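**Student:** Below are the structure tokens for one structure; questions will follow.
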Amino acid sequence: MSGAVFLDDDEVRDLFPPATAVAAMRQAMRAFSAGEVTQPLRTVLRPPSREGGEPGLFGSMPAHVPFEGRHWFGVKSVVVRADNPAKGLPTHVGTVTVFAPDTGVPVAVLPAGTVTELRTAAASAVAAEALALPGPTTLAVAGAGAQARAHVTAMAAVRPIRRVRIWNRGPDGAAGLAEWVRTEHGFETDVCATLAEATREAGLICTTTSAREPVLHDADVAPGALVCAVGACRPGARELSSALVARSTVVLDSAEAAEREASELLVPLREGLIGRDHARGEIGAVLDGRVPGRRGERERMVYLSLGLAVQDVVAAVLVAKLRAVRAGADPASAWWRA
């Protein structure tokens, strides 16, 4: 690991603001849908319980991605421990590591939690740019954690948000998010007793919950709205009802991953409410014009985000470059050797 730079959370946030992150995710998703990325489905290791406790699980997400004329190896490695919050730690802990394109030497190691938080919200903002109506000023958010905050910030970078309506299972969390939104962004906020109350008049909806069963239903979403659903990123999890998915136009981050892992699609498929061709296509193909995006002002759209290694690795390579340049490296040279 000699020579690898270790970045902390604050450095990543400083070097990867919303405008930078959105541009990077736009590039990543176009490259992915164009077949320029080599990326297997994520590997999850679930060992048996030993030593009297649950070991959690380990996830590995490698990718080989294009960046400024070269292809880079990178991998996100994450351990998920449900008991971590009681220890003052996040449930997801890990790293994103990137390797030099010419030698394979490790270049940088970044905190996976912060990279995931920022790239997920930025990818949703890319979808909002492409799929949302031009002028929604009201954003509805389900959830009140780090992803909820990141999504407020990212959506404000691409749409003229003025009001944020918040629902969370715990009212204290919703109140805390509302206070943060007012302080950080100056937006009007509403803490809502139900998710339906939060969403019915919102043109843009972000669901960032850990729900196992649907929390957002067909009657809760107005014509013309876009739902960015990011919480159900593992098999078995669902935030959206089958009827909502069936009666909306669906765009994916990865068709292959969705076919294997997206219960938002797999459940209504088993129920006979949709066919295998229900999703319109991938967001990267929409960006390239190979798949149509929004077709009308009243079309309800859903962006299903499972999260991809290409997003992590592109983000990490860019952040590593920006740090090297800040330290004096020539951005036009082999900056990773500096």
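Going by the numbering used here, the letters in the sequence shown line up with residues -6 to 331, in that order.
Where is the CB? At the ideal position from N, CA and C, for every residue including glycine.
Please read these numbers as outputs of a predicted model, since none were measured by experiment.
Using 8 Å for Cβ pairs, my map puts G106 next to P83. What's the rounded Cβ distance?
**Tutor:** Translated into the one-based positions of the sequence shown, residue 106 becomes position 113. Translated into the one-based positions of the sequence shown, residue 83 becomes position 90. 6 Å between Cβ atoms; contact.
**Student:** Express the C-alpha separation of Q32 and F25 in angstroms, rounding to a whole number.
**Tutor:** The sequence position of residue 25 within the sequence shown is 32, counting from 1. The sequence position of residue 32 within the sequence shown is 39, counting from 1. For F25 and Q32, the distance between alpha carbons rounds to 9 Å.
**Student:** Please classify L38 as buried or exposed, where buried requires at least 16 other C-beta atoms within 10 Å of its C-beta.
**Tutor:** The residue labelled residue 38 in the question sits at position 45 within the sequence shown. Burial call: exposed.
**Student:** Could you tell me which whole alpha helix (DSSP H) segments of length 4 or greater appear in the segment 259 to 318?
**Tutor:** Listed in chain order, they are 276 to 280.
**Student:** Taking the beta strand (DSSP E) that E181 belongs to, which residues open and close that run?
**Tutor:** Taking the first residue of the sequence shown as position 1, residue 181 is located at position 188. Here the beta strand (DSSP E) through E181 covers E181 to V184.
**Student:** Express the C-alpha separation of P153 and E223 in angstroms, rounding to a whole number.
**Tutor:** On the sequence shown, position 230 is the one that residue 223 refers to. On the sequence shown, position 160 is the one that residue 153 refers to. Residue 223 is actually Val in this sequence, not Glu. Inter-residue distance for V223 and P153 is about 21 Å (C-alpha atoms, whole angstroms).
**Student:** So, does the segment 308 to 316 touch the segment 218 to 233, judging by three or more C-beta pairs under 8 Å?
**Tutor:** No, the segment 308 to 316 does not touch the segment 218 to 233.
**Student:** Using DSSP with H/G/I as helix, E/B as strand and the rest coil, what is M(-6)?
**Tutor:** Walking along the sequence shown from the start, residue -6 turns up at place 1. Residue confidence for M(-6) is low, a pLDDT of 40 falling below 50, so the modelled location carries little weight; the figure read from the coordinates is stated next. Coil at M(-6), not helix or strand.
**Student:** What is the DSSP secondary structure of L170, counted as helix, strand or coil?
**Tutor:** The residue labelled residue 170 in the question sits at position 177 within the sequence shown. DSSP places L170 within a helical segment (H, G or I) once states are collapsed to three.
**Student:** Measuring CA to CA, which of V68, E47, R6 and F60 is closest to P324?
**Tutor:** Residue numbering aside, residue 324 sits at position 331 when the sequence shown is read from its first letter. Ranking the options by Cα distance to P324, first place goes to F60.
**Student:** Do the segment 154 to 168 and the segment 111 to 124 touch if we need at least three Cβ pairs shorter than 8 Å?
**Tutor:** no
**Student:** List the whole-angstrom C-beta distance separating I276 from A21, where the pair is believed to meet the contact cut-off of C-beta under 8 Å.
**Tutor:** Position 283 of the sequence shown, counted from the start, is the residue given in the question as residue 276. Position 28 of the sequence shown, counted from the start, is the residue given in the question as residue 21. That pair is no contact at about 10 Å.
**Student:** For G166 versus A139, is the C-beta distance shorter than 8 Å?
**Tutor:** Residue mapping note: residue 166 aligns to position 173 of the sequence shown, counting from 1. Residue mapping note: residue 139 aligns to position 146 of the sequence shown, counting from 1. One thing to note: G166 has its Cβ no nearer than 8 Å to the Cβ of A139.
**Student:** Please report how far the alpha carbon of I159 lies from the alpha carbon of S117, in whole angstroms.
**Tutor:** Position 166 of the sequence shown holds residue 159. Position 124 of the sequence shown holds residue 117. Near 17 Å, if we compare the C-alpha coordinates of S117 and I159.
**Student:** Kindly list the residues whose CB is nearer than 7 Å to the CB of E194, restricted to its own chain and excluding five residues on each side of it in sequence; keep chain order.
**Tutor:** Taking the sequence shown and counting its residues from 1, the one referred to as residue 194 is at position 201. Correct list, in chain order: T131 and A215.
**Student:** Do you know offhand how far A250's Cα is from G274's?
**Tutor:** One-based indexing of the sequence shown puts residue 250 at position 257. One-based indexing of the sequence shown puts residue 274 at position 281. Approximately 12 Å between the Cα atoms of the pair.
**Student:** Select from T187, A147, D76 and G52 the residue whose C-alpha is nearest the C-alpha of L111.
**Tutor:** On the sequence shown, residue 111 is found 118 positions in, with the first residue counted as 1. Minimum Cα distance to L111 is reached at A147.
**Student:** Quick one: what's S53 bridged to in DSSP?
**Tutor:** The residue given as residue 53 occupies position 60 in the sequence shown. According to DSSP, S53 bridges with T36 and S70.
**Student:** Please state if the CB of R35 and the CB of L18 are separated by a distance shorter than 8 Å.
**Tutor:** By one-based count along the sequence shown, residue 18 stands at place 25. By one-based count along the sequence shown, residue 35 stands at place 42. For the record, residue 18 in the displayed sequence is Met; it is not Leu. For the 8 Å CB-CB criterion, M18 and R35 do not form a contact.
**Student:** Please go through the segment 118 to 174 and give each complete beta strand (DSSP E) segment of 3 or more residues, from N-terminal end onward.
**Tutor:** List check, beta strand (DSSP E) in window: 131 to 135 and 156 to 160.
**Student:** Could you tell me the distance, in whole angstroms, from the CA atom of W329 to the CA atom of A115?
**Tutor:** On the sequence shown, residue 329 is found 336 positions in, with the first residue counted as 1. On the sequence shown, residue 115 is found 122 positions in, with the first residue counted as 1. Spanning the two alpha carbons is a distance of roughly 25 Å.
**Student:** Taking C-alpha atoms, which residue in S241, T90, V318 and G128 lies nearest to L297?
**Tutor:** Taking the first residue of the sequence shown as 1, we reach residue 297 at position 304. For the residues S241, T90, V318 and G128, the minimum Cα distance to L297 belongs to S241.
**Student:** Work out the CA separation of P99 and M(-6) for me, nearest whole Å.
**Tutor:** For the purposes of this step, residue -6 is taken as residue 1 along the sequence shown, with counting starting at 1. For the purposes of this step, residue 99 is taken as residue 106 along the sequence shown, with counting starting at 1. Confidence at M(-6) is low in this model, with a pLDDT of 40, below 50, so the placement of that residue should be treated as unreliable; the coordinate-derived value is given next. Taking the straight line from one Cα to the other gives about 6 Å.
**Student:** Tell me the DSSP secondary structure of T13 in three-state form.
**Tutor:** Indexing the sequence shown from 1 puts residue 13 at position 20. Note: T13 maps to helix in three-state DSSP.
**Student:** Return the first residue and the last residue of the beta strand (DSSP E) that A222 is part of.
**Tutor:** For this step, residue 222 is matched to residue 229 along the sequence shown. Unbroken beta strand (DSSP E) run through A222: L219 to A222.
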